[in-house]
Amino acid sequence: MLGMMAHSENKWKVRKELMHIFVNEDFDTILETIVRKMKEVSDGSDRIKKLYDEAQPYIPAGSLYEKEYWIAAYIIYSNLTRFNEMMSELKEIESIIMNLRQESSQLWSLQVLIKDSIEILREDLQKVKDDYQVANLQQEIKNYQEELRSIKSTYKGILDRCKELEDKKRSLIRGIRQFAKQLVVS
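When the letters of the sequence shown are read in order and numbered with the working numbering, they come out as residues 319 to 504.
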């Protein structure tokens, strides 16, 4: 009796995890990728039959989802640690990209302010006659120009890093999809 209760409880926990996979946006693309790959392979595949047999005890009667989605969720569940590692890496990359974009936006705004300041100083330079004031304004312009060059260099570095991370993100997404497809056929 105790064994049946434990089995029932385990079955309920797995079913709950499968439902969590259905509603987790992170797994939407992976679910769809696995379902598409299963349809390519066809229902007659021994591998798909085996996966369905493994998933069958966890599929509730009268389910709203098609059996392919339950099998896909079961595949994800069976490899959850690896999928979570990849999804965590993907989220980390996306977070870094978002932070870099915010930083680049701030640097862009700062560049605009510095350029405007340089223009104002140049206009002021045209109006002054005192050599001391001319020298001070020229030095301020020079300082702003140096700061602008530094900011432009940093800005370019951030854009390059964003491009590098976007490429890494695309590669990781391809890897996740390939891993998901491989689980259907292997």
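All C-beta atoms, glycine included, are put in the ideal place defined by N, C-alpha and C.
When burial is assigned at 16 or more other CB atoms within 10 Å of the CB, is ALA379 buried or exposed? exposed
Separation of LYS499 from THR347, as counted between CA atoms: 12 Å
Cβ pair CYS540, ARG419 closer than 8 Å: No answer is possible for residue 540: it lies beyond the span of the chain, which begins at 319 and ends at 504.
CA-to-CA distance, PHE497 to SER363, given in whole angstroms: 18 Å
Span separating the alpha-carbon of SER504 from that of GLU350: 18 Å
C-alpha distance - ALA390 paired with GLU335, whole-angstrom precision: If you take the alpha carbons of ALA390 and GLU335, they lie about 13 Å apart.
Count the other C-beta atoms from every protein chain shown that fall within 10 angstroms of the C-beta of ILE438, then say buried if there are 16 or more, exposed otherwise. exposed
If you reduce the DSSP assignment to three classes, tell me which class ILE393 lands in. helix
When you compare the CB positions of GLU386 and MET356, do they come within less than 8 Å of one another, or not? In this structure, MET356 lies closer than 8 Å to GLU386 by Cβ.
Endpoints, alpha helix (DSSP H) assigned at ILE377: Per DSSP, ILE377 belongs to no alpha helix (DSSP H) and is neither H nor E.
What is the C-beta distance between LEU408 and ILE393, in whole angstroms, given that I count them as a contact (C-beta under 8 Å)? Not really, about 18 Å apart at Cβ, beyond 8 Å.
Do the stretch 481 to 490 and the stretch 446 to 464 make contact, defined as three or more Cβ pairs closer than 8 Å? no
Is ASN342 helix, strand or coil when you go by DSSP? Coil, per DSSP.
LEU320, DSSP secondary structure in three states: Low per-residue confidence applies at LEU320: pLDDT is 43, beneath 50, and the placement is therefore not dependable, though the value from the model is reported in the following sentence. Looking at LEU320 - three-state DSSP - the assignment turns out to be helix.
Could you give the DSSP three-state label for VAL446: helix, strand or coil? DSSP places VAL446 in coil when its eight states are reduced to three.
LEU455 and LEU443 - do their beta-carbons sit closer together than 8 Å? yes
Among ALA373, GLN374, SER396 and ASP478, whose alpha-carbon lies nearest the alpha-carbon of LEU501? It is SER396 whose Cα lies nearest to the Cα of LEU501.
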